[in-house]
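According to numbering that gives the first Met the number 0, the sequence shown is numbered sequentially starting from 0.
Presented below is the structure to which this report refers.
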Amino acid sequence: MKTTKLIVSAAGLTVAAACLFGTVSAADAKAQPQKAAAKPAEKPQNAPKKPQTLAEAFSFLPDTLATIGNRKITKKDLLDRLGNVPPEMLAQFPPEMLKAQVKQLIDGLVNEEILIMLAEKAGIKPTKELLLAEMDKELKAMPPQQRDLLEKQLKLQNKTFDDVKNEMVKDPKKIRAVAIPIYFNTKIKPAIKITDADIEKYYRDHQDQFKTPETISASHILISNRPDANATVKPDAAALAKLDQEAKAKAEKILAQLKQGADFAKLAAQESACPSKARGGSLGEFTRGRMVPEFEKAAFALTKKGEISGVVKTDYGYHIIRLDDKKTAGIHPLDKELKEQLRNYLPEMKLAETVQKQIADAKKSMKVTVAEIK
C-alpha cells in the first residue's frame, strides 16, 4: 500500500467521488435505461431540467460547506475536486444518493484540511520548492518502465514532466497538500516499529485471513462426443446418439489401457480433445467451483495420488481423470514468505490507524462544523 493510497483511505479524499463518479463512465451513463416518452419525438411534459454545469448540479449546496477553526471549505473547493465530471452523469443518480455521496466527499475534504493543519503544526511549511522536490523524488523512485509509460502518455497530450510540474506549482491547494505525505513519512512512520511478536499476534488474531481451501491437481483425457463444428450438414438425433456411443466406447477402451499400465500423459497427448493434451492432460491446481459439477465431483472423490477415475460424462464428452496431488483445507502456515508479507503490510496498516486516530482526536479539539445538506 503506497502513501498516496493511504491518504485516500485515511483522509477519505476521493472515496465518495470514486463511488459516485469513478464507476460510471459517460458512455455507461448514456447507456442507462430511460423511461420511454409518450411519443418518440416528443419530450415528456414537466421533465426536470438537466444540469448544464457542475454548479447547477450542486445548486442545493450552501457556499460554505464546513469550517475547521478559522478555515473554510467552500462549494468551490468541492467543485474543483470533482474536476471535469460531466453534469449529465449526475442526472443518473437519485437526489438522496447524490446528497449522501456529497456528504462523504465533504467529510473527506475536512479530513484533508485537518491533516494539512497537523502538518503545519509539526513545522512542515509547504512551498513550491518543496512540491517540486517531492515530485522529483517520486519520479526518481518510479520503476523505469512505469516512468517511460507515463512519459509516453504525457507526450500524447503534448506535455512533458516539466509541464506537469509547472501546472502543479501554480495551484495553491496542491502546494499545501504536499505537506501531508511529508508529515506521514517524517512524523508518523519513523515511530512505527514492527517486531516478530507483532507479526505473530496479527497472525493469531486474524486466522480467517489465512484460510486455504481444499485444492487438487489433476490431469484428464477428454473424448469429445460433439459433432464436427465445420460440418456442412447438421446431425440429427440418431447421428448424435451414435457419436455419443462411439465416444463412450473409446473412453472405456482407453481406461482399460490405463489399468493395464499404459502411460497416461502419452495417451492424453494422442487422444484427448482438450488443449491440456499439450501438457500430458495436466489441468494444474484448482479449487471447488472451477470445473463443471460432474467433473468436480469425480475429481474431488479421488483420494490417492495417481488414482484414476472411471469414465465421467459431462457436456463436453467423456473424461478420465487422474489425481496428481491433493491439499486439504486449512490455515496457511506462518512461513518465511508470509512473515515478509506481513512485515511490509503491518506498518502501512498501523500508519492508517494512526492517521485515523489523529483525525478523530483533532475533530474533538478543533472547532469543526459541517453544513447540513438538505
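Backbone N, C-alpha and C fix where the C-beta goes; we use that ideal spot for every residue, glycine too.
On the premise that residue 182 lies in contact with residue 97, defined as a C-beta separation below 8 Å, what is that separation, rounded to the nearest angstrom?
That pair is no contact at about 32 Å.
Could you tell me whether the stretch 241-255 touches the stretch 342-361, using the rule of 3 or more Cβ pairs below 8 Å?
Touching, no.
Nearest to residue 203 by CA position, among 371, 338, 135 and 261, is which residue?
Measuring from the Cα of residue 203, the nearest candidate turns out to be 338.
Out of 104, 367 and 193, which has the shortest C-alpha to C-alpha gap to residue 81?
Taking only the C-alpha atoms, the option nearest residue 81 is 104.
With H, G and I counted as helix, E and B as strand and the rest as coil, what does DSSP make of residue 333?
It is coil, neither helix nor strand.
In this structure, how does DSSP classify residue 315 when only helix, strand and coil are distinguished?
Three-state result, residue 315: coil.
For residue 115, which residues in the same chain have their Cβ closer than 6 Å to its Cβ, ignoring the five residues on either side in sequence?
175 and 178.
Where do the ends of the alpha helix (DSSP H) carrying residue 84 lie?
Looking at the DSSP string, residue 84 is not in any alpha helix (DSSP H), and its letter there is neither H nor E.
Curious, which full-length beta strand (DSSP E) runs of at least 3 residues does the stretch 238-302 contain?
The qualifying runs are 281-286.
Using the three-state DSSP reduction, which class does residue 321 fall into: helix, strand or coil?
Residue 321 falls in the strand class under three-state DSSP.
By DSSP, does residue 109 sit in helix, in strand, or in coil?
Correct three-state label for residue 109: helix.
In terms of alpha-carbon separation, which member of 308, 304 and 303 lies closest to residue 293?
Nearest of 308, 304 and 303 to residue 293, Cα basis: 308.
So for residue 39, helix, strand or coil by DSSP?
With a pLDDT of 40 at residue 39, under the threshold of 50, the modelled position of that residue is not reliable, and the figure given next carries that caveat. DSSP places residue 39 in coil when its eight states are reduced to three.
Would residue 316 be called buried (16 or more neighbouring beta carbons within 10 Å of its own) or exposed?
Buried, by the Cβ-count rule.
Following the continuous beta strand (DSSP E) through residue 71, name the residue where it begins and the one where it ends.
Unbroken beta strand (DSSP E) run through residue 71: 70-73.
Roughly how many angstroms separate the alpha carbons of residue 209 and residue 335, rounded to a whole number?
Going by the C-alpha atoms only, they are around 14 Å apart.
Tell me where the alpha helix (DSSP H) around residue 217 begins and ends.
Unbroken run through residue 217 is the beta strand (DSSP E), 214-223; no alpha helix (DSSP H).
Cβ of residue 264 within 8 Å of Cβ of residue 279?
A contact, by the Cβ cut-off of 8 Å.
Beta-carbon within less than 7 Å of residue 24's beta-carbon, same chain only, minus the 5 sequence neighbours each way: which residues are those?
Residue placement at residue 24 is flagged as unreliable, the pLDDT there being 33, under the threshold of 50; a coordinate-derived value is accordingly withheld.
Return yes when the Cβ of residue 164 is within less than 8 Å of the Cβ of residue 134, no when it is not.
In this structure, residue 164 lies closer than 8 Å to residue 134 by Cβ.
So if DSSP puts residue 211 in a beta bridge, which residue, or which two residues, is it bridged to?
According to DSSP, residue 211 bridges with 329.
Residue 211 and residue 328: beta carbons closer than 8 Å?
Against a cut-off of 8 Å, the Cβ pair of residue 328 and residue 211 comes out as a contact.
Determine the DSSP secondary structure at residue 310, reduced to helix, strand or coil.
DSSP places residue 310 in strand when its eight states are reduced to three.
Compute the beta-carbon to beta-carbon distance between residue 215 and residue 267, rounded to the nearest angstrom, for a pair I have assumed lies under 8 Å.
Rounded, the Cβ-Cβ distance is 17 Å, inconsistent with contact.
Any idea if residue 31 is buried or exposed, counting beta-carbon neighbours within 10 angstroms, 16 or more meaning buried?
Below a pLDDT of 50, predicted positions are generally treated as unreliable, and residue 31, at 36, falls in that range; the measurement from the model is reported next regardless. That one is exposed.
What span of residues does the beta strand (DSSP E) with residue 228 cover, start to end?
Unbroken run through residue 228: none, as it is neither H nor E.
According to DSSP, which residues form a beta bridge with residue 63?
Beta-bridge pairing links residue 63 to 73.
Indicate whether the contact test is met: 3 or more Cβ pairs, each with one atom in the stretch 61-70 and one in the stretch 356-372, closer than 8 Å.
Short answer: they touch.
Using the three-state DSSP reduction, which class does residue 168 fall into: helix, strand or coil?
Coil, per DSSP.
With a threshold of 16 other CB atoms inside 10 Å of the CB of residue 93, please say whether the residue is buried or exposed.
It is exposed - the Cβ of residue 93 has fewer than 16 other Cβ atoms within 10 Å.
Going by DSSP, which residues form a beta bridge with residue 368?
BP columns for residue 368 point to 66.
Residue 8 to residue 355, Cα distance in whole Å?
Its pLDDT being 36, under 50, residue 8 is placed unreliably in this model, and the value from its coordinates should be taken loosely. When rounded, the distance between both Cα atoms is 9 Å.
Considering only the alpha carbon of each residue, which of 54, 147 and 87 lies closest to residue 75?
Taking only the C-alpha atoms, the option nearest residue 75 is 54.
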